[in-house]
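Taking it in order: structure first as structure tokens, then the write-up.
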Amino acid sequence: MKPFIQKAQELFSLDLKSLAMMRIFIAILIIIDLILRIPDIKAFYTDEGVLPRLLLISQSVNSPTISLHNLNGSYQFQTFLFLIAGFFAFLLLVGYRTKFVTFISWLLLCSLHIRNELVLSGGDTVLRLLLFWSLFMPLGARYSIDSILNSSKEKLPEKVFSMGTVGLFAQVAFIYWFTALLKLKYPEWLDGTAIFYSLKESQYAKPFAITLLNYPDLLKILTLAVLWFEIIGPFFLAFPFFTIPLRIATSLGLITLQMSFFLCFEVGFFPWSCSIAMLSFFPGTTWEKIYSRLNKILTLDSFQFFVNVIKTTYTKVSTSQMFKPFFVERTVNIKTPLILNVVAAFFVVYIFFWNLGTVYPKYSIPNKFSSIGYALVIGQHWFMFAPPVKFGCWPTFPGRLKDETIIDVHNSKPLTWERPALPSQVYKNQRWQTYVINLTILPNILNANIYHYATYLCNNWNKRHPEDKKLEEIEFYINFEHNTLEETSEPENRFLYKHECK
Amino acid sequence: MSNEENKSRLNKKLNEIFGIDLRSLALFRIFIGILIIADLIIRSADIKAFYTDEGVMPRGLQMGTSVKWHFSIHLISGLLEVQIFLFLIAGFFAFLLLIGYRTRLATIISWALIVSLQTRNEMIIDGGDQWLRLILFWCIFLPLGACYSVDSALNSSSEKLPKRILSFGAIGLFLQFALVYWTTGALKWHNESWSSGNGVYYTLYETQYSNETGQALLALLPLEVLKILTFAIMWLWTLGPLLLVFPFFTYPIRILTMTFFLMAHLGFLFCLDIEFFPYVSSVALIPFLPSNIWDKLIASLKTPNRLNLKIYYDEQYDFCKKVILIVRTFFLIPETTLTPAKQDSSINEIMNQNKTWIVIDYKNTKYIKLHAFKSLCEASPILGFFIPILNTQAVTSLGENIYTKVSKNQLLGAKTTQLLQYRSINIKLSMAGTLLAAFFSIYILLFNFDVFYTQSLQKTKYKLSEEFKNIGHILYINQFWHMFVTYDKKGDRYALWNVILAKQKNGKEIDLFNNGKPVSFEKHKNLCDIYRNRFWKKYLLSIRSFHNTFLPYFTLYECNRWNSKHTGANKIYSIDFYSMNQKILPKHELGEIEKVLVGKYQCPVES
């Protein structure tokens, strides 16, 4: 029995350096995400935007979720919270009091996500879950300020095992396994046409996707390859034999898969957050090799200069009179306390059943317990192109101005009903893309939100235009084109809603 | 006389007048902690009604009606569980404030939580709540933890603290105190019902404010005496704050004035139905306690049995020393000498044998373990009452049990030591703090003036800009002190109440605020008795001007509340809300009772 447990522990342990690399990239992703959201703070997070708190709360009566963004509906306060979140993400990046900072970052990210779920995509869920599992792992033991300030003389081990690392393995595996199980339900995935239909979804397709459509036979092979890789791949992340080489190969394979997603589809940062999760599976020597390789390639002084700048800045800050009190030596403790291990173990099981419920509803978690998942925002549903969607769509919002000009309010250009060359590129950014697609194709979301979206569009337009160019009325249409293996139908437009500006 | 000398004399005088004794601040802190905890406990009976989405103020309503710049952490969730959790957190930090553990941090968090609690439902905020909130705000700028606190017990600085603190924090706290009375005083002088000398009469005569004692007193006293009382109150409000800081004979005059204030508030407590305000305003007097009273009190505590106490402790464990330091502080036996047991071989032997600390009292008797604790209680001027309790068999064995557990398991000690760290107490307000306190002193002065000027005088020439007022909204230091007085000059006085008539399915009409007894539109003998408690009273009186906004939620809550407890034909299907008022006329006369049906509301149909 004992050797078996030992082996299992070995299989599911992760390298401290790789965990640190994952931490660094998580922090970078949070910061980039925050920056990309900044232009739309007002639209998405304030009471003057598309989802005022009043509306949000009326939609989430009795929901156990908690959001700090609900404290106040002003632009200034939301910006303030963004700054706080950015600050903590920076601390996470440099690994300062990592445990505490991870917790705060997780709390702030959950708050941000709950404040407006209509702009979220799979990438957000993955990032949030990575932070969640990070709560149960020592992310700050290497490559961090914590490790510089480590007061303990004991040498840290290379690898660490905790229920948190098990959770991370399980989480990554579940993403692929449960999407694969879902895919098995659809004949298109078995007969090899699924990827063809996915690439035809013009609301997400990038130019590369359109190029790929020219090779139908390749797509057939790819469909089956993806399906089987998603099923088998995760097993090789912790395979009892040839563990390390298989793990590296699988990780690289999954990263490749994600990068091809990125090349084909406009789906937010899902490929990136999934790839970041894979970083933790590499052996720690990888980073040293990459570093020395970089050192060799960039023999130029610039690289060394860059490293030196960081070093001197750190020395200057940490010894300065003002910041000295913040650089107190502490012991780095990589052992996860028993209670957290128990909690993490519980959530591994919990998430397994949650995922199972998404594929086989009869096994789903009873309502009583599902509120735990909602409260901690660890709910997940990996449908990633599983149900084949056989249409493409794009919005047209004709608006009548006071001087009787008709424009398209969605992109502020003269109205045209022609198909855009790339329907996935008509949106201001990926957040707006998610929001508008959610709104226009899901009737219940449309009914609940369209009035506020329309009001926002009116106000936003009218603030910027002179009296005779004021918007008086908006109509909302969605254009569909239906895809079959042989052809794509002529676009048909569907009327959704009509709004008079006040 | 040189300039320097002049300056130091002026400083001394200012310190005498506006400075606050650190011991008074400590007592102040303890009472604030108690007030917050008591308030939370009293409030907790109605958490569901006032702070959750199922109550009369769901979050959506709060967001729709509250000022844009108010913040409330309590908005993070509308669930009862989360609100209870926040109450517990607030209670925990109030306790830390009470014992003075990391006092400034505890003060700031307690303040933030109280602001958050109050902005969550402003309809139930009364004068007492408002004042407590502002006191806490000013406490952020004051060294509340300099005496009689965990912080002071574990003070690592060897510098002797001064007796008093003079800072803009102290001045701000005084100004806040004064403005409460000055503003309401000014409003009262300006209002005819008060300036004609009938203020007390109008407040007590059959209104929602007076209780039974108040009514009885009114019937007993002739109108002339009420007039004298009215003017006495108005003069006390106007001159009282000045007399507290009178430059000559400061302390005698101050004690006299404090007595007057205290008497006035005791009068409120007994005659009026405003439960919280008299307590808060009495606590607000504590910082004015002069130093000489403390000096005398402390001198009287220095009896030989307290001066000659010795405690020996095991220096191996940091934890022991810290606990003994804290005990020494809170038992009020600061002269006790603490010595590591190692320094005395005979003592050391006893300690090693018994694993104990040792107390030696002034008769040179040695005590160990729980007896040592008992002997300290005996010496303590405030814990004498504790000894009979300690002597009972149950407590003795429990105490010994706990003691052995703690002494054996040093793990607890090590963990706790991390939380109990030596820190130095710095009572000086930083430059930034000084600037902020000075700014907010001016701010509250202007704000209160603005209230009087725009609301009471109805002028607009010099009113404050909205942006400037927003600063006050963010910190929730905006304040209104219209105690028993209306803004307008004439200000007819009315007795106000509501009748909440519910129709049962069996055809009966019942009064929901009277436990379902039959409805009566007669005026109740004591209007203050018709409410469930002060929060419901405040709520129903504050929504009077906004009935259309609040009543749908109120009636929905009442329907659910009643129907969840009753079955079948006893269930109610609609609520009629009547607003009642009756004009109070001079000379014990009353106007007609006016009855207005504000709205009829249907209960939700049950599935």
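First to last, the protein sequences are chains A and B. Numbering (our numbering) for the first sequence: 872 to 1373. Numbering (our numbering) for the second sequence: 18 to 624. Ideal Cβ positions, reconstructed from N, Cα and C, are used throughout, including at glycine. Source: prediction; values computed, not measured.
inquiry  = Residues of chain D with CB closer than 9 Å to the CB of R76/B, please, in chain order.
reply    = Checking the listed chains, one finds no chain D in this structure; the protein chains it contains are A and B.
Checklist entry - the stretch 160-175 of chain B: which residues have C-beta closer than 8 Å to a C-beta of chain A, in chain order? => result none
ask   = Among residues of its own chain, excluding the 5 on either side of F1110/A, which ones have a beta-carbon nearer than 7 Å to its beta-carbon?
value = L1117
With distance defined between alpha-carbon atoms, name the residue in N987/A, I1019/A and A956/A nearest to E1200/A.
I1019/A
Contact check, L44/B vs I303/B, beta carbons under 8 Å:
yes
| So what's H1370/A in DSSP terms, helix, strand or just coil? | strand
Closer than 8 Å, CB to CB, is G944/A near chain B or not?
yes
### Query
Got a sec? Which residues, its chain only, sit under 8 Å from C394/B by beta carbon, not counting five neighbours each side?
Correct list, in chain order: F348, L400, G401, F403, I404 and L407.
Check: Does N933/A come within less than 8 Å of chain B when only Cβ atoms are used?
Finding: yes
Q.
For P976/A, would you say it is in contact with chain B, using Cβ-to-Cβ distances shorter than 8 Å as the test?
A. Going by the sequence as given, residue 976/A is Ser instead of Pro. No, its Cβ sits nowhere closer than 8 Å to a Cβ of chain B.
_How far does the alpha helix (DSSP H) with L1145/A in it extend, from its first residue to its last?_
The residue asked about is misnamed: residue 1145/A is Cys in this sequence, not Leu. First-last of the alpha helix (DSSP H) with C1145/A: F1141 to L1150.
Any residues in the stretch 1019-1038 of chain A with a beta carbon nearer than 7 Å to a beta carbon of chain B? Which ones, in chain order? none
- [ ] Sort out for me which residues DSSP pairs K600/B with in a bridge.
- [x] Y511/B
(message) By the 8 Å beta-carbon criterion, what residues does the stretch 68-95 of chain B contribute toward chain A?
(response) D70, P75, R76, G77, M80, G81, K85, W86, H87, F88, S89, I90, L92, I93, S94 and G95
* To do: Reducing DSSP to helix, strand and coil, say where P1232/A ends up.
  => helix
query = Under the criterion of a Cβ to heavy atom distance below 7 Å, does S982/A qualify as lining the ligand PLP?
reply = The ligand PLP is absent from the structure shown, which contains no ligands of any kind.
Item to complete: Please state whether DSSP places L1342/A in a helix, a strand or coil.
Response: strand
| Near V613/B, which residues of its chain fall below 6 Å by C-beta distance, leaving aside the five closest residues on each side in sequence? | So the list reads S596, once near-sequence residues are dropped.
Point to revise | Unbroken stretches of the beta strand (DSSP E), 3 residues or longer, contained in the stretch 358-419 of chain B | key: 375-377 and 383-385
Subject >> Interface residues of the stretch 123-150 of chain B facing chain A [CB-CB below 9 Å] >> reply: S133
For a quick check, are the C-beta atoms of S392/B and S174/B less than 8 Å apart?
no
- Task: Could you name the residues of chain A that V99/B contacts, counting a contact when the two beta carbons are closer than 7 Å?
- Result: I937
- Should A1292/A be labelled buried (16 or more other beta-carbon atoms within 10 Å of its own) or exposed? exposed
**Item:** C-alpha distance - F974/A paired with T356/B, whole-angstrom precision
**Value:** 43 Å
CB-CB length for V921/A against Y1348/A, believed under 8 Å: Their Cβ separation, rounded to whole angstroms, is 18 Å, which puts V921/A and Y1348/A out of contact at 8 Å.
On the criterion of 16 or more Cβ atoms from any shown chain inside 10 Å, does Q435/B qualify as buried, or is it exposed?
exposed
query = Taking the continuous alpha helix (DSSP H) assigned at V1043/A, which residues delimit it?
reply = M1034 to K1054
Handout entry: First through last residue of the alpha helix (DSSP H) which encompasses W128/B
Key = Taken as a continuous stretch (DSSP letters only), the alpha helix (DSSP H) holding W128/B covers T120 to R137.
Next item on the list: Let me know if D331/B comes out buried or exposed under the rule of 16 or more other beta-carbons within 10 Å of its beta-carbon.
Entry: buried
Exercise. Among the residues of its own chain, which have a CB less than 8 Å from the CB of T230/B, if the five just before and after it don't count?
Worked result: F287 and C288
In its own chain, which residues sit with a C-beta less than 6 Å from the C-beta of A898/A, not counting the 5 before and 5 after it? Contacts found: A960, L963 and L964.
Straight-line gap, F883/A to K1054/A (C-alpha atoms, nearest Å)
Rounded to whole angstroms, the separation of the alpha carbons of K1054/A and F883/A is 27 Å.
How should F567/B be labelled, buried or exposed, when 16 other C-beta atoms within 10 angstroms of its C-beta is the threshold for buried? buried
Query raised in the report: Counting pairs of beta carbons, one from the stretch 184-204 of chain B and one from the stretch 445-456 of chain B, are three or more of them closer than 8 Å?
Result: yes
Legend entry - Own chain residues within Cβ distance below 8 Å of N1375/A, not counting five before or after: For chain A, the structure presents residues 872 to 1373; residue 1375/A sits outside this window and is missing.
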